[in-house]
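J.: Going left to right, the sequence shown walks through residues 130 to 295 as this note's numbering numbers them.
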Amino acid sequence: MFGFALNNNLRAGRNRVVRTGVIMANMKPLKFFVVCLFTVLSGCGGEPAQTMTGETMGTTYTIKVVSGADMSDLQREIDQELERINQMMSTYIDDSDLSLLNRAPLDELIAVPTDLYTVLQLSEEIHGITHGAFDVTVGPLVKLWGFGPDKAFPDVPSPTQISQAQ
Numbered sequence: 130m131f132g133f134a135l136n137n138n139l140r141a142g143r144n145r146v147v148r149t150g151v152i153m154a155n156m157k158p159l160k161f162f163v164v165c166l167f168t169v170l171s172g173c174g175g176e177p178a179q180t181m182t183g184e185t186m187g188t189t190y191t192i193k194v195v196s197g198a199d200m201s202d203l204q205r206e207i208d209q210e211l212e213r214i215n216q217m218m219s220t221y222i223d224d225s226d227l228s229l230l231n232r233a234p235l236d237e238l239i240a241v242p243t244d245l246y247t248v249l250q251l252s253e254e255i256h257g258i259t260h261g262a263f264d265v266t267v268g269p270l271v272k273l274w275g276f277g278p279d280k281a282f283p284d285v286p287s288p289t290q291i292s293q294a295q
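Here is the structure:
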């Protein structure tokens, strides 16, 4: 199984170093994005909800905010943050941090942004909690079945091909 070792000794806010091919336990979840969303979206008073929509990561989003303030700055900040996350974690962008990590040889040390590092930690934790049902290493199988960035729908893969992709 593909995995990664995470170096917890680096200061927050800096890039983290990941060694591919090794698995490490004691992971902590990323709460920053959730806290930010709750902070932004927690409104009070009788103001009507304003709706913001946009496109990101091959889909759309809708956010409703109860505020009398102009939301154009908030909309721009949300779009910028979603674009930053997409550039970091997309498997559809060849030079994203996640794509570069996925293509790296096993046991190579790779610096990754702190946010990606935290997502990898949380993913490993959820993998353990779900006894492997949640598995971020299924990318090769996804591509084999034609659901990856190329969106090619090949013939049904052979058992040998499936085994090699796992």
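Virtual Cβ for every residue (Gly too), placed ideally from N, Cα, C. If you're wondering where the values come from, they're calculated on a predicted model, not measured in any experiment.
1. From this set, 216, 235, 183, which residue's C-alpha is nearest residue 227's C-alpha?
2. Tell me the DSSP secondary structure of residue 198 in three-state form.
3. Would the segment 180-188 and the segment 196-209 be scored as touching if the rule is three or more Cβ pairs under 8 Å?
4. With hydrogens ignored, establish whether the beta-carbon of residue 273 is closer than 7 Å to any heavy atom of the ligand GDP.
5. Which residues bound the beta strand (DSSP E) around residue 257?
6. What does the alpha-carbon distance come out to for the pair residue 300 and residue 211?
7. Along the chain, where does the alpha helix (DSSP H) that runs through residue 268 open and close?
8. Do you know how far the Cα of residue 205 is from the Cα of residue 192?
9. For residue 191, write down the residues that DSSP places opposite it in a beta bridge.
10. Any idea if residue 247 is buried or exposed, counting beta-carbon neighbours within 10 angstroms, 16 or more meaning buried?
11. Inspect the beta-carbon positions of residue 275 and residue 283 and report whether they are closer than 8 Å.
T.: With the given structure in hand:
1. 216
2. coil
3. yes
4. The model on display carries no ligand, and the ligand GDP is accordingly not part of it.
5. First-last for residue 257: 243-258, but that is the alpha helix (DSSP H), not the beta strand (DSSP E).
6. Residue 300 falls outside the range modelled here, since the chain spans only 130 to 295, and no answer is possible.
7. 268-273
8. 13 Å
9. Bridge partners of residue 191: 182.
10. buried
11. yes
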